[in-house]
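Remarks on the structure that follows.
Number of protein chains: 2
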Amino acid sequence: MPGIVNCPKEAIMPVKDALEALSGKWKIPILVSLSRGTKRFKEISKEVGGITDKMLSKELKDLEMNLLVSRKVLDTFPPTVEYSWTDHSRTLGKLIHELQSWGKLHRKKIIEG
Amino acid sequence: MPGIVNCPKEAIMPVKDALEALSGKWKIPILVSLSRGTKRFKEISKEVGGITDKMLSKELKDLEMNLLVSRKVLDTFPPTVEYSWTDHSRTLGKLIHELQSWGKLHRKKIIEG
């Protein structure tokens with residue numbers, strides 16, 4: 116397969132690193148939601164759909180720790196919190212695009228059998 | 116971000132589909148191992164590293180169900196089983212390549228901080 120590094124360990128290690136940072140079913144959907152601009156907690160929750168507040172809060176913390184989301188507290192009363200992409204999450208553009216294209220292709224394949 | 120479909124639900128749904136088929140930390144490493152040719156259970160286990168036989172057997176069944184792995188029983192004594200890529204898993208080439216490149220970039224970013 117073109118482009119895939121040949122030695123198994125060398126080929127598998129970076130994939131494991133990527134999967135660890137993006138683990139679970141929520142992190143990438145959260146990043147896709149934020150790809151359209153800065154958002155508040157409830158806005159992300161609404162767009163991603165089906166995620167509990169507890170899970171969203173945990174995933175946002177993980178993403179922040181991995182430098183993939185930035186969190187800003189605005190000096191309003193009460194204070195409001197905004198989440199946005201970082202320069203580092205911008206590097207995920209191609210990968211997310213590939214996931215979208217493959218997801219469409221896979222759905223078609225599975226439906227057609 | 117270039118190429119990412121703009122309407123949230125439309126942008127997130129295919130990503131959820133892809134993540135469901137490739138869920139967990141083992142399926143893609145297994146596919147990377149098989150990207151280098153047909154393999155037996157123990158060979159995959161050795162290359163992926165750190166996976167239990169029970170988990171590998173479950174993940175191979177999931178992958179087979181999603182048309183991403185083909186399983187062949189050879190008429191030897193005792194019978195031997197071989198696993199290989201399918202035409203459908205070949206469509207994952209670009210996505211796996213993106214995961215590898217991003218995994219390397221992410222490791223560098225996290226180490227450099």
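Residue numbers (the numbering used here), protein chains in the order written: chain A, 116 to 228; chain W, 116 to 228. Heads up, the beta-carbon is just placed ideally off N, CA and C, and yes, glycines get one too.
Quick check on residue i: buried or exposed, where buried means 16 or more other Cβ atoms within 10 Å of its Cβ?
i: W:Gly164; result: exposed
i: W:Ser204; result: buried
i: W:Asp190; result: exposed
i: A:Asp132; result: buried
i: W:Glu162; result: buried
i: A:Ser148; result: buried
i: A:Glu125; result: exposed
i: W:Ile211; result: buried
i: A:Ile226; result: exposed
i: W:Ser199; result: exposed
i: W:Gly152; result: exposed
i: W:Pro117; result: A caution first: W:Pro117 carries a pLDDT of 49, below 50, which makes its placement in the model too unreliable to give a value.
i: W:Pro129; result: buried
i: A:Val196; result: exposed
i: A:Glu213; result: buried
i: W:Ser160; result: buried
i: A:Pro273; result: Outside the displayed range of chain A (116 to 228) lies residue 273 of chain A, so it cannot be described from this structure.
i: A:Ser172; result: exposed
i: A:Val184; result: buried
Taking 8 angstroms as the threshold (beta carbon to beta carbon), is residue i in contact with chain A?
i: W:Glu227; result: no
i: W:Ser138; result: yes
i: W:Ser199; result: no
Does the beta carbon of residue i come closer than 8 angstroms to any beta carbon on chain W?
i: A:Lys219; result: yes
i: A:Pro117; result: Residue confidence is low: A:Pro117 scores 49 on pLDDT, short of 50, so the model does not pin down where it sits. No coordinate-derived value is stated.
i: A:Asp132; result: yes
i: A:Lys224; result: yes
i: A:Ala126; result: yes
Using a Cβ-Cβ cut-off of less than 8 angstroms, list which residues of the region 151-177 of chain W approach chain A; keep chain order.
Those would be Arg151, Glu162, Val163 and Gly164, in chain order.
Closer than 8 angstroms between beta carbons: that is the criterion. Which residues of the region 184-196 of chain A meet it against chain W?
Within the region 184-196 of chain A, no residue qualifies.
Members of the region 205-216 of chain A that neighbour chain W once the beta carbon cut-off is set at 8 angstroms:
Going along the region 205-216 of chain A in chain order, one finds Arg205, Thr206, Leu207, Gly208, Lys209, Leu210, Ile211, His212, Glu213, Leu214, Gln215 and Ser216 with a Cβ nearer than 8 angstroms to chain W.
Which residue spans inside the region 149-179 of chain W form an unbroken alpha helix (DSSP H) run of at least 4?
You should have 156-163.
Three CB pairs or more closer than 8 angstroms across the region 171-179 of chain W and the region 134-146 of chain W:
Three or more beta-carbon pairs separated by less than 8 angstroms link the region 171-179 of chain W to the region 134-146 of chain W, which places the two stretches in contact.
Quick one: complete beta strand (DSSP E) runs, 3+ long, within the region 180-215 of chain W?
Annotation note: the region 180-215 of chain W contains the following uninterrupted beta strand (DSSP E) runs of length 3 or greater, listed N- to C-terminal: 184-189 and 195-200.
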